[in-house]
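The sequence shown begins at 13 in our numbering and counts up one residue at a time.
All C-beta atoms in this analysis are idealised placements derived from N, C-alpha and C, irrespective of residue type, glycine included.
Notes to accompany the following structure.
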Amino acid sequence: MAKFDKIAVLGKMGATGMVPVFYHKDVEVAKKVIKACYDGGVRAFEFTNRGDFAHEVFGEVVKYAAKECPELALGVGSVVDPATAALYIQLGANFVVGPLYNPEIATVCNRRLIPYTPGCGSVSEIGFAQEKGCDLCKVFPGDVLGPKLVKGLLAPMPWSKLMVTGGVSPDEENLTSWFKAGVFCVGMGSKLFPKDVVAAGNWQAITDKCKEALAYIAKARG
Numbered sequence: 013m014a015k016f017d018k019i020a021v022l023g024k025m026g027a028t029g030m031v032p033v034f035y036h037k038d039v040e041v042a043k044k045v046i047k048a049c050y051d052g053g054v055r056a057f058e059f060t061n062r063g064d065f066a067h068e069v070f071g072e073v074v075k076y077a078a079k080e081c082p083e084l085a086l087g088v089g090s091v092v093d094p095a096t097a098a099l100y101i102q103l104g105a106n107f108v109v110g111p112l113y114n115p116e117i118a119t120v121c122n123r124r125l126i127p128y129t130p131g132c133g134s135v136s137e138i139g140f141a142q143e144k145g146c147d148l149c150k151v152f153p154g155d156v157l158g159p160k161l162v163k164g165l166l167a168p169m170p171w172s173k174l175m176v177t178g179g180v181s182p183d184e185e186n187l188t189s190w191f192k193a194g195v196f197c198v199g200m201g202s203k204l205f206p207k208d209v210v211a212a213g214n215w216q217a218i219t220d221k222c223k224e225a226l227a228y229i230a231k232a233r234g
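Spelled out as structure tokens, the structure:
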């Protein structure tokens, strides 16, 4: 069962403005990365469903986060079908994110009041997702669609809450462009977790990078 309700989860995403996106097959590495982000100020973390037995890793890190990162809302990403969403909800996922929009996932998540953030590539897709109760929609892939899509959409649909993922980097120029366009938050993956840093076990570097990125976001918000 989810530790936090829908309102609390969306509040954490909005308050910090950043959701790290990460997967690793090694449970211990995943725990270290999650704790490093938490120490850096992160309060919502997306563990992606991208490898064999990923759900088993997730089940372990949820238990770990409950003790070591008490204010962290841990969710699952890369979910494309309702069965997978249900599996992770049973394991304690606080939110579900996908690269695409599947209305059947919305039904599963809504039944348990779990936020479902689908990947959308057009204004119409975002509109259809909102009709199904998706409070937060993911603009994906962000580096293809760009900040102009966000700014253009918010003019006629100012109630929209958007998270952009794909091509987001923890530098001031990139983050400022997205937040000035009007995003609710950003999802950030590989550029926040360089492979060499993870391989070296340099967890402090990840903590520092999170703090730096969150500071840029706060500045961009004014």
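Tell me whether the beta-carbon of residue i lies closer than 7 Å to the beta-carbon of residue j.
{"i": "lysine 150", "j": "serine 181", "result": "no"}
{"i": "glycine 26", "j": "phenylalanine 196", "result": "yes"}
{"i": "leucine 84", "j": "arginine 124", "result": "no"}
{"i": "aspartate 47", "j": "glutamate 80", "result": "It is lysine, not aspartate, that sits at residue 47 in the sequence shown. A contact, by the Cβ cut-off of 7 Å."}
{"i": "valine 33", "j": "glycine 199", "result": "yes"}
{"i": "tyrosine 128", "j": "isoleucine 117", "result": "yes"}
{"i": "tyrosine 76", "j": "lysine 43", "result": "yes"}
{"i": "proline 168", "j": "tryptophan 190", "result": "no"}
{"i": "leucine 166", "j": "glycine 194", "result": "yes"}
{"i": "alanine 217", "j": "valine 210", "result": "no"}
{"i": "alanine 98", "j": "valine 108", "result": "no"}
Since residue i and residue j are thought to touch, with beta carbons under 8 Å apart, how far apart are those beta carbons, to the nearest angstrom?
{"i": "valine 74", "j": "proline 94", "result": "In fact, because the Cβ distance is near 20 Å, the residues do not count as touching under 8 Å."}
{"i": "asparagine 106", "j": "glycine 87", "result": "5 Å"}
{"i": "valine 135", "j": "asparagine 114", "result": "At roughly 18 Å, the Cβ-Cβ gap does not stay under 8 Å, so valine 135 and asparagine 114 are not in contact."}
{"i": "leucine 103", "j": "phenylalanine 70", "result": "6 Å"}
{"i": "lysine 192", "j": "alanine 232", "result": "6 Å"}
{"i": "phenylalanine 59", "j": "tyrosine 35", "result": "6 Å"}
{"i": "glycine 52", "j": "cysteine 222", "result": "3 Å"}
{"i": "asparagine 61", "j": "glycine 89", "result": "7 Å"}
{"i": "aspartate 147", "j": "lysine 173", "result": "6 Å"}
{"i": "alanine 14", "j": "isoleucine 126", "result": "6 Å"}
Under 7 Å Cβ to Cβ from residue i, same chain only, skipping five residues before and after it: list those, please.
{"i": "glycine 154", "result": "Val176, Thr177, Gly178, Gly179 and Val180"}
{"i": "alanine 66", "result": "Tyr35"}
{"i": "lysine 144", "result": "Pro115 and Ala118"}
{"i": "leucine 253", "result": "Past the boundaries of the shown model lies residue 253; the chain is included only from 13 to 234, so the question cannot be answered."}
{"i": "proline 170", "result": "none"}
{"i": "leucine 157", "result": "Gly133 and Val151"}
{"i": "asparagine 122", "result": "Gly145"}
Give every residue of the same chain whose Cβ lies closer than 6 Å to the Cβ of residue i, excluding the five residues on either side of it in the sequence, and list them in chain order.
{"i": "tyrosine 50", "result": "Cys81 and Leu84"}
{"i": "aspartate 220", "result": "none"}
{"i": "glycine 201", "result": "Val33"}
{"i": "valine 110", "result": "Residue identity check: residue 110 is glycine in the sequence provided, not valine. Only Val91, Val92, Pro130 and Gly131 meet the Cβ criterion."}
{"i": "tryptophan 215", "result": "Lys44 and Ala48"}
{"i": "lysine 18", "result": "Leu125 and Pro127"}
Please list, in chain order, all residues of the same chain as residue i whose beta carbon is under 8 Å from its beta carbon, the five residues on each side excluded.
{"i": "tyrosine 228", "result": "Pro182, Asp183, Glu184, Leu187 and Thr188"}
{"i": "leucine 226", "result": "Thr28, Gly29, Met30, Gly52, Gly53 and Val54"}
Say whether chain D places a C-beta atom closer than 7 Å to the C-beta of residue i.
{"i": "valine 135", "result": "Checking the listed chains, one finds no chain D in this structure; it contains a single protein chain."}
What runs of the alpha helix (DSSP H), each 4 residues or longer, lie entirely inside the segment 60-98? 66-80
May I have a chain-ordered list of the beta strand (DSSP E) segments no shorter than 3 residues that lie completely inside the segment 25-59? 30-34
For the segment 162-195, list the beta strand (DSSP E) runs that are entirely contained and at least 3 residues long, ordered along the chain. 173-177
Just list the alpha helix (DSSP H) runs in the segment 97-128, keeping only unbroken ones of 4 residues or longer that don't cross its boundaries, in chain order. 115-123
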